[in-house]
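*Asks:* The following block contains the structure, expressed as structure tokens.
Residue numbers (UniProt numbering): 1 to 566.
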């Protein structure tokens with residue numbers, strides 16, 4: 001069994017959300033404060049109900065959603081659907097099963113409603129839980145004995161969780177590993193090893209020192225006036241709880257507090273995986289917030305690759321801001337989260353309109369840099385390095401309110417890959433199939449070559465729909481830059497810096513200018529990236545000095561305004 005769907009109503013910043021999950025790994029990605037942690041905490045609250053596990057999360061009044069229209073909501077609801085996969089599970093939850101009339105698939109539906117009751121002295125929170133299709137159908141807490149989960153928070157205190165005290169994770173692992181009868185045998189062996197004459201004599205010295213003073217500070221004949229000292233507790237659970245993890249360091253070893261945060265997180269994660277591996281519950285789950293915490297990109301790759309290969313026996317939910325992890329993830333494992341019309345929208349990419357060919361291309365194409373499009377509030381796709389380098393400064397030239405970086409807009413250079421592989425994330429008639437942000441494609445018509453638009457630009461135009469617009473230059477990007485008369489002087493200076501010898505030979509005398517935009521385009525054609533770099537430096541300098549008169553081509557302005565909703 002595994003969680004197939006989760007619905008959330010009025011929880012923290014989430015008014016309403018419906019999220020679909022994979023059986024194994026689920027990567028929740030999106031910008032800060034979008035609701036990723038709220039989804040993880042929703043699952044924690046569901047898993048904790050009736051569980052024998054130590055509970056560390058509760059609903060408080062501050063968790064109830066506040067909207068601008070109705071104010072504080074008085075209910076929070078979670079609805080969870082477990083997909084049942086075998087007859088044993090079906091038998092365990094028979095009374096609560098829901099059967100799909102078309103597919104005959106069976107599921108276990110659990111419902112949780114928290115109601116805020118307003119009272120004069122203090123407000124109360126009431127919890128109602130039911131299962132199946134009919135509200136009021138009671139759910140035995142024994143159901144939750146079949147659920148085991150581990151939560152690794154973003155600000156996890158590894159030293160605290162691994163400290164040799166009752167209930168720590170390391171001790172929990174050894175308690176799971178021990179077999180019936182083995183615990184008593186191990187305790188007896190340890191007891192024999194410790195109870196030697198030397199140890200007994202040494203312990204007696206300490207006892208005598210304490211009891212010598214104790215008899216003078218208690219009543220005569222008080223039965224409690226003597227203590228007995230043991231070096232370790234001879235009970236398996238207490239022995240397990242007292243175990244400590246150490247890190248090899250040369251010929252010595254380090255305790256966790258002496259170790260770096262990154263490797264401590266890896267040690268704790270490894271301990272948790274060992275614990276999960278040894279559990280016998282029917283449903284096991286690992287919830288990790290920001291596994292990239294304190295890890296450099298290479299270690300992020302190593303950790304995530306292992307999680308992918310290992311997590312087949314339990315369901316994993318991961319929140320992340322890491323493009324490194326996103327780039328390593330199977331697209332079908334990614335759940336993209338965005339804010340659409342003040343509501344949380346989630347799209348599991350396995351349910352998107354991406355076809356197998358799209359996914360194959362994107363899996364190869366999405367590196368650490370390009371994966372940032374999934375965290376953006378808007379995307380502009382360009383064909384080459386020149387556009388990618390210059391778009392950020394062009395937006396600044398248009399005005400501070402158009403600053404791409406400050407508005408969370410990502411510029412993605414597709415370097416010749418077909419735009420269609422990306423378009424299916426944005427241009428579907430069914431908005432549920434789109435990621436929920438605006439996108440623009442900038443492409444050249446190259447019409448000077450054939451007297452009309454190229455097949456590539458025609459294909460790009462056909463992609464325009466829904467959240468995606470396509471803006472096409474009349475000829476090429478470089479042509480468009482030269483068209484406005486305000487741009488001639490700065491572009492000539494850039495061309496001179498780019499090819500000083502050629503420029504001096506052909507243009508300084510007697511003409512001192514390019515005859516048209518095509519001539520300019522041809523002059524910079526063999527150094528586009530360097531041209532873009534020089535121009536961007538010039539424009540930044542002019543902006544700083546307040547003398548920038550550069551005019552951004554209209555088709556580029558239109559694309560920028562589209563993704564910014566302006």
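Backbone N, C-alpha and C define an ideal beta-carbon position, used for all residues, glycine too.
The structure displayed is predicted, hence computed values, not measured ones.
How big is the Cα-Cα spacing for residue 110 and residue 372?
*Replies:* Taking the chain shown and counting its residues from 1, one reaches residue 110 at position 110. Taking the chain shown and counting its residues from 1, one reaches residue 372 at position 372. The alpha-carbon atoms of residue 110 and residue 372 are separated by roughly 35 Å.
*Asks:* Considering Cα atoms alone, identify which of 74, 147, 108 and 367 is closest to residue 52.
*Replies:* To locate residue 52, count along the chain shown from 1; it is residue 52. Nearest option by C-alpha distance: 147.
*Asks:* So, residue 376 versus residue 399, is the Cβ gap smaller than 8 Å?
*Replies:* The residue labelled residue 376 in the question sits at position 376 within the chain shown. The residue labelled residue 399 in the question sits at position 399 within the chain shown. Taking 8 Å as the Cβ cut-off, residue 376 and residue 399 do not qualify as a contacting pair.
*Asks:* Is the segment 346 to 357 touching the segment 416 to 426 in the sense that three or more CB pairs, one from each, lie closer than 8 Å?
*Replies:* Counting Cβ pairs under 8 Å, three or more are found: they touch.
*Asks:* Under DSSP, the beta strand (DSSP E) around residue 378 begins and ends at which residues?
*Replies:* Residue mapping note: residue 378 aligns to position 378 of the chain shown, counting from 1. Counting along the chain, the beta strand (DSSP E) containing residue 378 begins and ends at 378 to 382.
*Asks:* From what residue to what residue does the alpha helix (DSSP H) around residue 350 run?
*Replies:* Taking the first residue of the chain shown as 1, we reach residue 350 at position 350. That residue, residue 350, is in no alpha helix (DSSP H); it is neither H nor E in DSSP.
*Asks:* Count the other CB atoms, across all protein chains shown, that sit within 10 Å of the CB of residue 118; report buried if there are 16 or more and exposed otherwise.
*Replies:* Translated into positions along the chain shown, residue 118 becomes position 118. Under this definition residue 118 is an exposed residue.
*Asks:* Taking residue 480 as part of the beta strand (DSSP E), name the residues at either end of that continuous run.
*Replies:* Mapped onto the chain shown, residue 480 falls at position 480. From DSSP, residue 480 is part of no beta strand (DSSP E) but of the alpha helix (DSSP H) over 477 to 482.
*Asks:* Run through the segment 424 to 470 for me and flag every whole alpha helix (DSSP H) of 4 or more residues, listed as ranges in chain order.
*Replies:* You should have 447 to 450 and 455 to 461.
*Asks:* Between residue 379 and residue 537, is the Cβ-Cβ spacing less than 8 Å?
*Replies:* Position 379 of the chain shown, counting from 1, holds the residue named residue 379. Position 537 of the chain shown, counting from 1, holds the residue named residue 537. Not a contact, by the Cβ cut-off of 8 Å.
*Asks:* Shortest alpha-carbon distance to residue 319 belongs to which of 311, 312 and 288?
*Replies:* Numbered from 1 along the chain shown, position 319 holds the residue referred to as residue 319. Per the Cα distances, 288.
*Asks:* Below 8 Å on the Cβ atoms is my guess for residue 25 versus residue 360; work out the distance and round it to an integer in Å.
*Replies:* In the chain shown, counting from the first residue as 1, residue 25 sits at position 25. In the chain shown, counting from the first residue as 1, residue 360 sits at position 360. Not confirmed; about 19 Å, so no contact.
*Asks:* Rounded to whole angstroms, what's the CA-CA distance from residue 539 to residue 396? Just pull it up for me.
*Replies:* Taking the first residue of the chain shown as position 1, residue 539 is located at position 539. Taking the first residue of the chain shown as position 1, residue 396 is located at position 396. So the two alpha carbons sit approximately 9 Å from each other.
*Asks:* For residue 421, does the three-state DSSP call read helix, strand or coil?
*Replies:* To locate residue 421, count along the chain shown from 1; it is residue 421. Residue 421 falls in the helix class under three-state DSSP.
*Asks:* Across which residues does DSSP place residue 284 in a beta bridge pair?
*Replies:* Translated into the one-based positions of the chain shown, residue 284 becomes position 284. For residue 284, which the question treats as bridged, DSSP gives the partners 148.
*Asks:* When you compare only the Cα positions, how much space is there between residue 93 and residue 123?
*Replies:* Against the chain shown, residue 93 aligns to sequence position 93. Against the chain shown, residue 123 aligns to sequence position 123. Computed Cα separation, rounded: 35 Å.
*Asks:* Looking at C-alpha atoms only, which residue of 46, 19 and 554 is the closest neighbour of residue 150?
*Replies:* Against the chain shown, residue 150 aligns to sequence position 150. The candidate whose alpha carbon is nearest that of residue 150 is 46.
*Asks:* Less than 6 Å between C-beta atoms, sequence neighbours within five positions excluded: which residues of the same chain meet that for residue 404?
*Replies:* As a first step, residue 404 is located in the chain shown; it is residue number 404 there, counting from the start. So the qualifying residues of the chain are 392 and 395.
*Asks:* Taking the alpha carbon of residue 367 as the point to measure from, which residue in 326, 29, 542 and 142 has its own alpha carbon closest?
*Replies:* Looking up residue 367 in the chain shown gives position 367. When only C-alpha atoms are compared, the closest one is 326.
*Asks:* Sorted by chain position, which residues of the same chain lie with C-beta nearer than 7 Å to residue 547's C-beta, five sequence neighbours on each side aside?
*Replies:* Stepping through the chain shown from its first residue, residue 547 is reached at position 547. Answer for residue 547: no residue qualifies.
*Asks:* Could you say which of 143, 565, 95 and 492 lies nearest to residue 401 if we only look at CA atoms?
*Replies:* To locate residue 401, count along the chain shown from 1; it is residue 401. The candidate whose alpha carbon is nearest that of residue 401 is 565.
*Asks:* Assign residue 457 to one of two classes, buried (16 or more other C-beta atoms within 10 Å of its C-beta) or exposed (fewer than that).
*Replies:* As a first step, residue 457 must be located in the chain shown, where it is residue number 457. That one is buried.
*Asks:* Would you kindly check if the distance between the Cβ of residue 469 and the Cβ of residue 388 is under 8 Å?
*Replies:* The residue labelled residue 388 in the question sits at position 388 within the chain shown. The residue labelled residue 469 in the question sits at position 469 within the chain shown. In this structure, residue 469 does not lie closer than 8 Å to residue 388 by Cβ.
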